[in-house]
Structures are given as structure tokens and as C-alpha cells.
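Protein chains in written order, with the working numbering: chain A, 7 to 302; chain B, 7 to 302; chain C, 7 to 302; chain D, 7 to 302. A virtual CB, placed ideally from N, CA and C, is assigned to each residue, including glycine.
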């Protein structure tokens with residue numbers, strides 16, 4: 007196994023890096039602040055003192071950061087990853103960022119004799135811990151083949167979806183569908199409750215038919231008890247809806263439901279619920295329907 | 007087994023009645039026009055000459071009709087089912103109609119010494135033929151228990167969801183989620199295509215994560231090849247969106263995504279695509295995004 | 007002048023009837039409850055004891071009632087206006103009701119040898135008092151010409167807009183534009199406030215350009231001070247948005263902004279603000295934008 | 007009068023600069039390409055060979071450019087306006103750009119000892135020619151007072167609306183209301199036509215009541231004859247809807263009608279109608295309502 011640099015050891019990055027260590031890889035990790043680096047060392051990795059230190063001599067550089075500007079700063083800065091990387095190194099960005107930034111990074115990598123894949127993930131912290139992420143990968147097929155064994159240490163569904171940027175595009179589409187589905191299920195729940203239907207059995211029968219979806223399967227029970235412990239936070243999904251609406255606009259793709267859902271996600275955040283699970287869209291439908299005293 | 011009257015032997019009703027025959031029930035069926043009645047006779051049922059003739063002496067009266075006014079006419083007319091039914095007979099309406107009409111029918115039944123369940127179905131013609139419908143039932147628990155063995159001859163998921171009208175309410179919620187999910191998947195597909203993503207693998211990875219839903223599973227392959235053979239027709243889903251938006255309005259429930267999806271379904275129908283599968287919402291997203299010559 | 011029957015002496019009807027009296031007409035009025043009838047008598051009209059008593063011997067029958075079912079009940083009931091009216095009498099319904107009900111009334115009138123115009127009004131109570139209503143009239147041109155002098159005693163803009171039902175159709179379009187414009191101005195106000203703009207001068211410059219509209223002219227000052235004294239109540243506009251969305255749907259006309267505005271009006275009402283002025287849509291935009299403690 | 011530099015002599019800038027000349031100002035203008043500069047010379051101004059040449063020795067620097075990046079390039083570039091301007095010069099940007107870019111420019115100006123106002127305009131080419139623009143100005147009150155006489159040579163309504171960026175914020179709100187109002191009027195027109203109403207008289211009565219607005223006054227006649235000669239082009243309004251939705255998002259302001267209207271404007275552009283007048287939203291409502299053969 008070759009040496010892997012891992013930049014970004016947060017809620018998602020830490021368990022992902024740990025799974026790489028478990029799979030036998032030599033992982034040199036970096037994150038601002040000592041604590042995340044210490045946890046990596048405890049997990050069997052090597053704490054690096056800087057991005058450049060982590061990256062030097064690594065054949066593979068993985069980034070898992072909050073947003074596009076973070077990835078650009080880490081990669082393109084003066085003492086950044088691309089400046090420090092050895093020739094021919096492969097960068098895999100697993101953050102969720104705008105497709106156009108992913109494309110720009112791929113071009114910047116190529117200009118320096120490096121290679122890049124965009125490989126955002128789906129599944130949340132639990133899947134990161136269990137190594138069961140879904141990973142959607144954009145870039146060249148050859149680079150994908152090379153990265154596949156490493157990615158499989160972190161995820162169970164690893165799919166090559168097209169050229170550079172495609173991974174982020176699919177992730178954006180994923181976030182569009184997820185947010186919209188949550189809102190649809192929320193509208194359905196408030197509607198059913200208003201009519202006095204037994205919502206438990208109703209969810210069961212909805213789950214069994216053409217209306218069936220992963221939100222009903224995984225989140226509706228908690229939604230029915232108004233448990234909005236994240237899971238995936240509203241603030242992050244708000245960021246992602248910004249990515250998908252901007253990316254659709256760039257290509258003149260019209261997404262009326264996506265755009266309206268983005269407004270509702272913004273409302274949830276504006277009202278101070280940014281730290282709740284995104285299924286808290288249910289709170290907003292209730293509020294609009296006058297079905298709760300609004301106690302915030 | 008007791009005698010069952012079955013009113014409405016159309017695309018859905020005919021195979022449902024046939025499955026009752028197969029399960030050993032004595033089925034007396036009626037539909038306007040000779041052809042549907044002859045098909046029932048061939049399947050082993052008895053063709054009745056009128057609603058009243060089908061209903062007399064039946065312990066159970068099932069209706070499977072296009073819309074609420076049809077059910078009201080069949081049940082409440084002068085020579086209608088309720089006038090002809092024997093005391094204590096149980097009416098099961100399996101049509102998709104407005105919840106308030108279902109509630110009115112239940113009250114009319116009670117006033118005449120009859121009982122009523124609303125039991126709309128989900129799953130389409132294929133499930134009707136295979137006896138694998140999902141059936142959501144509103145009414146009294148006792149009546150549900152009595153009807154259960156008969157309903158199980160037609161469906162695999164048969165769930166009691168609450169008092170009279172609740173079956174229709176859950177069906178309305180089902181149609182809200184289904185239409186909205188189709189639109190979300192359509193927006194995602196046009197978005198992915200605009201970016202040149204490999205949509206086949208993209209659908210695979212979307213299906214595997216939190217964005218996963220039955221529309222992707224069952225319809226996205228046909229959507230990607232622009233095959234809009236029904237399936238469930240736009241005109242019918244348009245009718246159903248009318249039911250759900252009106253029912254939500256009646257209780258002051260706010261459903262922004264549902265209302266916008268209803269507008270898009272109307273547009274599809276207005277443009278002459280009422281006979282296509284409801285997944286043809288994809289055509290509309292394409293049209294709005296300027297990605298097709300509009301050849302209608 | 008000939009005798010006029012006036013049914014419906016409420017907030018709008020009372021001053022309209024009084025203006026007819028002032029113009030020299032003999033007005034026989036009816037309303038449930040003694041008080042409205044007494045006020046008409048004080049204004050110089052004649053209080054009738056029933057619809058039939060008001061209508062008999064009148065050449066012109068005017069109705070000004072809350073909603074379509076009220077008009078239908080008054081006109082078509084057993085002791086109703088159409089039964090009591092003398093042959094050839096002209097019915098002018100000035101209520102705001104569904105276009106299809108107006109058309110049905112015109113047909114019912116014709117079937118009994120009567121004539122009917124639909125002539126809803128715009129302008130509110132102040133304009134009713136001042137005789138400065140806008141009146142949009144559907145029906146035959148001859149009947150319009152006959153009614154014109156009488157209508158001009160109540161309004162300054164009296165326009166014939168087409169055959170039976172057209173007056174209500176134009177009123178529905180009016181309510182669509184008014185509600186949507188209020189929401190647009192509300193979104194603009196919250197946006198400007200969020201950026202710390204001087205909203206008074208901003209409204210002045212918006213009023214002077216292509217964004218200029220009657221809502222800014224007449225309501226924005228009150229909106230800026232959060233004074234939502236009606237004016238025209240949310241509950242009534244909610245009713246009217248029901249009329250316009252249903253009427254559009256009936257003809258497969260797609261009105262995405264109208265439909266979304268209707269949802270927002272429902273939300274306002276659902277939250278208990280049905281008695282505020284419709285400009286209270288501003289409260290909802292604020293609520294969604296997290297810019298108010300929600301003190302209801 | 008002091009010397010004025012005018013950068014950007016396009017459809018709007020050329021007549022604005024000409025009006026400054028007429029008012030007795032010494033105007034040194036620059037635009038890429040010889041033709042616009044020659045027209046300025048013919049109008050009595052002085053053609054400069056570069057931005058720097060136009061700006062040197064000017065007390066006032068006016069820019070009228072397509073979008074924010076253009077303004078930034080002209081002002082902040084190495085041989086740009088800010089580098090060339092004399093100390094204390096006042097920059098008035100009259101382009102329509104994002105509020106945040108306006109704020110950044112004001113800060114950049116201050117850092118170099120210059121002053122800046124953002125002063126976008128409303129009214130279109132005709133108003134630019136006639137010197138009857140509406141001008142909404144952000145920046146310090148003192149700078150506004152100094153600029154006022156010059157601005158009054160170009161516009162009749164010149165209003166100070168707040169600190170730096172406020173002019174652009176009000177312009178964004180203006181564009182939100184204008185686009186939304188066009189869509190509302192378009193929905194109303196298609197609705198009225200579907201019911202066979204006489205749309206001419208209908209527009210007259212709508213114009214006279216609470217639904218009255220500048221779009222009905224100025225554009226509905228052309229809309230009724232499907233004359234979409236610009237006027238203000240769809241592509242430009244699409245750009246502006248991008249500014250307003252992004253600016254609202256930045257402050258967590260929720261604008262459901264604005265966001266949906268932005269989608270419809272994108273659709274119009276995506277379908278190849280970017281060069282039509284923005285009132286062509288009517289075409290889209292017709293298309294969605296199946297009321298036109300789509301001949302593009």
C-alpha cells in the first residue's frame with residue numbers, strides 16, 4: 007500500500023481516515039487544531055504538522071472539507087497541497103462542493119502534472135463510521151480504477167458517473183431529491199394529522215407503494231415524534247441547495263420544486279433551526295398550517 | 007363464502023374481480039356496456055344486468071369507479087346500490103375519490119342501516135392483475151376485520167389507517183408524494199443530462215442512498231429512454247392532485263410543493279399529454295429548460 | 007325611476023343601497039336581522055320582510071352577498087328571488103362568486119323569463135360609501151346598457167367585459183393580481199429592511215418606476231408601520247383565491263404564482279390572521295425570514 | 007461645471023452622457039470600439055482613448071456597464087479608473103450589479119482616497135433618452151448632495167435610499183417586483199382569454215382598481231397583441247433575478263414568489279427568447295396552458 011494524505015479530519019473525515027488505516031493504508035492526516043490529529047494518531051495514522059507535510063511523498067491526497075472555498079484554499083494556496091504534492095499524485099476531493107469548482111480543481115491539477123477525482127459521499131456520519139458510504143466519482147476512468155480499492159475501504163457503493171465534476175453534479179442532484187422528498191413527506195404528515203388519520207399505519211402503507219422512499223423508511227418515525235436530532239443539519243443542506251440551484255441556473259436548467267424547496271430550507275435556517283436535522287422541514291409545514299404554537 | 011357485488015369492471019376493476027373469483031368468491035358484477043360483463047363471465051363471475059341486480063342479496067358491495075360523482079351516483083341514485091342492498095350489507099369503495107365524499111357516503115350508508123369502508127388502492131394495473139395492490143382502509147375496525155380476507159385476495163399490503171375517509175386521505179397523501187417525487191427525479195435527470203453525467207450509473211448511486219425512492223427504482227430507466235407508456239395516466243393524476251389540493255385547503259394545510267406540482271401536472275395535461283404516464287413530467291422540465299424541440 | 011330590490015345590506019351592500027336611494031331610486035331592501043333593515047329605512051329606503059317581499063314588483067334585483075352558495079340560495083330557493091320576481095326583471099349580482107356559478111345563475115334566470123348580469127365590484131368599503139367602486143359586468147350588452155345608469159350611482163368605473171360570467175372572471179383575475187402584488191411588495195420590503203435600506207424613500211422610487219403599483223401607493227406606508235387594520239380581510243381574499251385557482255384549473259390554465267400565493271394566503275389564515283388586512287402577507291414573509299419573534 | 011468621465015457608452019450610457027453634455031457638462035467618454043466614442047464626439051463630448059485617459063482630471067467618474075465583473079474590471083484593474091482618478095474624485099456607478107459588489111467598490115474607493123455612490127437606474131432606453139430615469143442612490147448623504155445636480159440631468163426621480171449598496175438593493179427589489187408583476191399580469195391574461203372575456207375592457211377595469219400597476223399601463227396592450235419587442239430584454243432580467251435571489255439568500259430573506267419567477271425567467275431564456283421583452287413571460291404561461299402551438 008502506498009502512502010495517503012488525508013486533509014480534513016472532522017465528523018466525516020475522521021472515521022473515513024480511520025477506515026483507511028484499518029484497511030492497511032499508511033495515512034498522514036492534517037486538520038487545524040491538535041485534537042483531530044491526536045485522534046488520528048490514536049487510530050493508527052500519522053499526524054502531520056501542515057498540509058504540505060501530510061501531502062509530500064503521498065501518492066494519493068484525499069480532502070474532506072466543509073465547502074468549495076476551503077478545498078480551493080487547501081489545494082491552491084502557496085504552501086498548499088498541489089504545490090507540495092509529488093508529480094503524478096492523485097487528488098480525491100470527497101467534500102461536497104460546486105461542480106464548477108471541482109472542474110476548476112481538475113484543470114489546476116492537470117496544469118501542475120497532477121490528477122484529480124471529485125468523489126463526494128452520501129450516507130452521513132453513521133455510514134462514514136461503518137465504511138458504508140455511497141461514493142459518486144467524477145474524473146477519468148483510469149484514475150477511478152486506480153482509486154477504487156481505496157474508496158472501497160470507505161464505501162460500499164462506489165460508482166463512476168462521468169468526467170471531472172460529475173461526482174459533484176450527482177451529489178447536487180442527490181441533495182435536491184433528498185430535500186424535496188423530506189418536504190413532500192412533511193406535507194403529507196401534516197395533511198394526514200389534520201384529518202386524524204393513524205399516521206403510523208399510514209406511513210407503513212405509503213412505504214409499501216409507489217410513494218415509498220428512503221425518507222419514509224429512515225426518518226418518518228422520528229418525524230412523527232418530532233425528534234429532529236441530526237443526522238444531517240439544516241445549515242449544511244442549505245449550503246447544498248445553494249450549490250444545486252446555482253449549478254442548475256448555470257446551465258439554464260429549470261427546477262421549480264428544487265428552487266421552492268431551497269426557499270423553505272432557508273426559512274428553516276433563518277428561524278434558528280440550522281442545527282436541527284433537515285427533516286425539521288416538518289416544523290415549517292406545521293408552522294405555515296397554524297398547527298403549532300410557535301415557542302422558539 | 008358469501009356473495010360479492012362488484013360495480014366497475016374497468017382496467018383496475020376487472021382483474022380485481024377476477025382475483026375474487028379465483029379466491030372462491032361468488033362475484034356478481036356490473037359495468038356499463040356488454041364487453042366488461044362478458045369478460046367477468048368468462049373469468050367465472052356472474053354478469054348482472056344492473057347495479058341493483060348485482061347488489062341484491064350480496065353481503066359485500068365493492069365499487070371501483072373513476073371519480074367521486076360516479077360513486078355517489080351508483081350508491082345514492084334511486085335504483086342505486088344503497089337502495090338495493092340488503093340490510094347490514096358492507097360497502098367497500100375502492101375508487102380514489104375526495105375524503106369528504108367518502109365521509110358523506112359512510113354517513114349515507116349508516117342512515118340506511120348499511121356499513122361502509124373506503125379502501126382505495128395503489129400499485130396500478132400490474133398489481134391489480136397480480137393481486138398485489140396496496141390497500142389503505144378507512145372505517146370501523148370491526149368492518150375492516152370482516153373485509154380483510156376479501157381484500158387480501160386483491161392486495162398484499164392491507165392496512166387500516168383510521169376512521170371513515172382515512173383511506174382516501176392516505177391515498178391523497180400517496181398521490182401527493184408520488185407526483186412530487188416524479189417531478190424531483192425529472193428535475194434531477196435534466197440537470198444531470200445538462201452536465202453530461204452518465205445518467206445510468208448516476209441513477210444507481212442515487213437509488214442506493216437517502217435519495218432512493220420507488221420512482222427511481224421502477225420508472226427512471228423508462229424515463230431515461232423517454233418511454234412514457236402508461237402505467238398511470240397524467241389525466242388521472244391530475245384528477246388526484248385536484249383532490250389533494252382541495253382536501254388540504256379544506257383543513258388549512260399548506261402544501262407549497264404539492265400545489266406547485268399540481269400546476270405542473272395541469273400543464274402536462276393542458277399540452278395534450280394526458281394519456282401519457284405521469285412520469286412524463288420529465289417532458290415538461292425539458293421543455294422549460296429549452297432542451298427539446300417541442301414536436302407535439 | 008323604477009323600483010329596485012336590494013338583497014344583502016352588509017358592510018358593502020348598505021352604503022351601495024344608500025347611494026341608490028340618494029340617486030332617487032325607490033329601494034326595497036332585505037337582510038337577515040332587523041338592524042341592517044332599519045339602517046336602510048333611516049337612509050330613505052324601504053325595509054322588506056323577506057326576499058320575496060323585496061323582489062315583487064321590482065324591475066331590478068340587486069344581490070350583494072358573501073359567497074356563491076348564498077347567492078344561489080337567495081335566488082333559486084323556493085321562496086327565492088327568481089320565484090318572486092316579475093317576468094322580465096333584471097338581476098344584477100354584485101357579490102364575488104365563482105364564474106361558473108354566475109353562468110349557472112344566468113341560465114336559471116333565462117329559464118324563468120328573467121335576465122341576469124354578474125357585476126362584482128372592486129374598491130372596498132370606502133369606495134362603496136363614496137360611490138366610487140369599479141364594477142366589472144358580464145352579460146348581454148343590452149342588459150348592460152339598461153343597468154348602466156343604476157350602476158353609475160354606485161361606481162365610477164363601470165365596464166362591460168363580456169358575456170355572462172365575465173364579470174366574475176375579471177374579478178377573479180383582479181384578486182389574483184392583487185394578492186400576488188401584495189406578496190411581491192412584502193418580499194421586497196423584508197429584503198430592503200434586511201439590508202438596512204431607508205424604506206420610505208425606497209418605496210417612493212419604486213412607486214415612480216416600472217415597479218409602481220396601487221399596493222405601494224395605498225398600502226405600503228401602513229405595511230412599513232405594521233398596521234394591518236382592514237381594509238380587505240385575509241379570510242375573504244382566501245375565499246377569492248379558492249375561486250381563481252379552481253376557475254383556472256377548470257380551463258387548464260396554469261398559474262404558478264397564483265397557486266403559490268394562494269398557499270401563502272391560506273397560511274396566513276391558518277395562523278389566525280384571517281381578520282387582518284390582506285397586506286398582512288408581510289407578516290408571513292417576516293416569519294419565514296426569521297425576522298420577528300412570533301408573538302401570536 | 008467640472009469635468010465628468012463617462013465609462014460605458016452603450017444603449018443606456020450613450021443617451022445619458024449626451025444629456026450631461028446638453029446640461030453643459032464637459033464629458034470625456036470611453037467605450038470599447040470606435041463607434042460609440044464617435045457618437046459621443048458628435049453629441050458634443052470628448053472621446054477618450056482609454057479608461058485612464060477619460061478619468062484623469064475628472065471630478066466625477068460615471069460608469070454604466072453590463073454587470074458587476076465589468077465594473078470591477080474597469081475600476082480596480084491596473085490601468086483602471088481608481089488608479090487613474092485624482093484624489094477625492096467621486097465615482098458614481100449607474101450599472102445594475104450585486105449590492106455586495108457595490109459595497110466592495112465603495113470600500114476600495116475609500117481605501118484609495120476616493121468616494122463612491124451606487125446609483126442604478128430604472129426606466130429603460132426611452133427614459134434615458136428623455137432624461138427621465140428614476141435613479142436610486144446609495145452612499146453618503148454629502149456625496150449624494152454633491153452628485154444630485156448631475157444626476158438630475160439624467161433623471162427626474164433621484165432619491166437617496168441609504169448607505170453604500172442601498173441603491174443596488176432597491177434596484178434588485180425593483181426588478182423582483184417588475185418580473186413578478188409581469189408574470190401575474192400574464193397569468194391573468196391567459197386566464198381571461200381562456201374564458202372568452204373581452205381583454206381590452208378587462209385591462210381597463212383592472213388598471214383602475216387595487217390591481218392597477220405600471221405593467222398593465224405600459225405593457226398590457228402590447229402583450230395582448232403578442233408584441234414582445236424590447237424594451238427590457240429577458241436576458242438582462244434573468245441576470246437581475248440572479249442578483250436578487252442571491253442577495254436575498256445572503257441575508258436569509260425568503261422570497262418564494264421571487265424565486266419561482268426567477269425560474270420562469272430562466273425558462274424563457276432557456277427556450278431561446280432571451281432577446282424578447284421581459285413581458286414575453288406571457289408566452290410561457292400560454293405554453294404551459296397548452297394554448298399555443300409552439301412554433302419556435
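One thing to note: residue 189/D has its Cβ within 8 Å of the Cβ of residue 287/D. The C-beta of residue 269/A comes closer than 8 Å to at least one C-beta of chain D.
With fewer than 16 other CB atoms across the displayed protein chains lying within 10 angstroms of its CB, residue 151/C is exposed. For the 8 Å CB-CB criterion, residue 180/D and residue 278/C do not form a contact.
In the DSSP assignment, residue 106/A falls within the alpha helix (DSSP H) that extends over 105 to 117. Cβ neighbours of residue 192/A within its own chain (closer than 6 Å, five residues either side excluded): 287, 288 and 291. Under the 8 Å criterion on CB atoms, residue 276/A is classed as interfacial with respect to chain C.
Along the segment 238 to 258 of chain C, the positions whose C-beta sits under 7 Å from a C-beta of chain D are 254, 257 and 258, read in chain order. Using a Cβ-Cβ distance cut-off of 8 Å, the segment 165 to 175 of chain C and the segment 33 to 45 of chain C are not in contact, since fewer than three pairs of beta carbons, one from each stretch, lie closer than that value.
Taking a cut-off of 8 Å for Cβ pairs, the segment 226 to 237 of chain C and the segment 194 to 211 of chain D do not touch, as fewer than three such pairs fall below it.
When secondary structure is reduced to three states using DSSP, residue 97/A falls in the strand class.
In the same chain as residue 140/D, and ignoring 5 residues on each side of it, the C-beta atoms closer than 7 Å to its own belong to 127, 128, 129, 161 and 163, in chain order. The distance from the Cβ of residue 23/C to that of residue 51/C is about 6 Å, consistent with a contact at the 8 Å cut-off. By a beta-carbon distance limit of 8 Å, residue 102/C contacts residue 177/C. Their separation comes to about 5 Å. Taking 8 Å as the upper bound on Cβ-Cβ separation, chain A lies near no residue of the segment 159 to 179 of chain D.
Of the candidates 207/A, 105/A and 194/A, 105/A places its Cα closest to the Cα of residue 255/A. Sorting 269/D, 297/D, 14/D and 29/D by C-alpha distance to the C-alpha of residue 157/D places 29/D at the top. At a cut-off of 8 Å between beta carbons, residue 26/C makes no contact with chain A. Annotated as distal: residue 13/A and residue 107/A, with beta-carbon spacing of 8 Å or more. Residue 58/B sits away from residue 42/B, with the two beta carbons spaced by 8 Å or more. Secondary structure in the segment 17 to 48 of chain C: the beta strand (DSSP E) runs of 3 residues or longer, each lying completely within the stretch, are 32 to 36 in chain order. For residue 122/B, the enclosing beta strand (DSSP E) begins and ends at 121 to 124. Restricting attention to beta strand (DSSP E) runs no shorter than 3 residues, the segment 122 to 210 of chain A encloses them at 139 to 144 and 161 to 168, ordered along the chain. Contacts with chain C at 8 Å (Cβ-Cβ) include residue 273/A. By the Cβ-count criterion, residue 25/A is buried, with 16 or more other Cβ atoms from all chains shown falling within 10 Å of its own Cβ. A Cβ-Cβ contact shorter than 8 Å links residue 69/B with residue 100/B. One finds 165 in chain C with Cβ atoms closer than 7 Å to the Cβ of residue 210/D, taken in chain order. The beta carbons of residue 143/A and residue 217/B sit no closer together than 8 Å.
In the three-state scheme derived from DSSP, where H, G and I count as helix and E and B as strand, residue 240/C is classed as helix.
Interface flag for residue 298/B against chain C is unset, since no Cβ pair is found closer than 8 Å. Counting only runs of 4 or more residues that sit fully inside the segment 266 to 302 of chain B, the alpha helix (DSSP H) segments are 287 to 294, in chain order. Per DSSP, reduced to three states, the secondary structure at residue 221/D is helical. Against chain C, the CB of residue 204/D has a partner CB under 8 Å away; the residue lies at that interface. DSSP places residue 261/D in the coil class of the three-state scheme, outside both helix and strand.
In the DSSP assignment, residue 82/C falls within the alpha helix (DSSP H) that extends over 74 to 82. Residue 64/D sits close to residue 95/D, with the two beta carbons spaced by under 8 Å.
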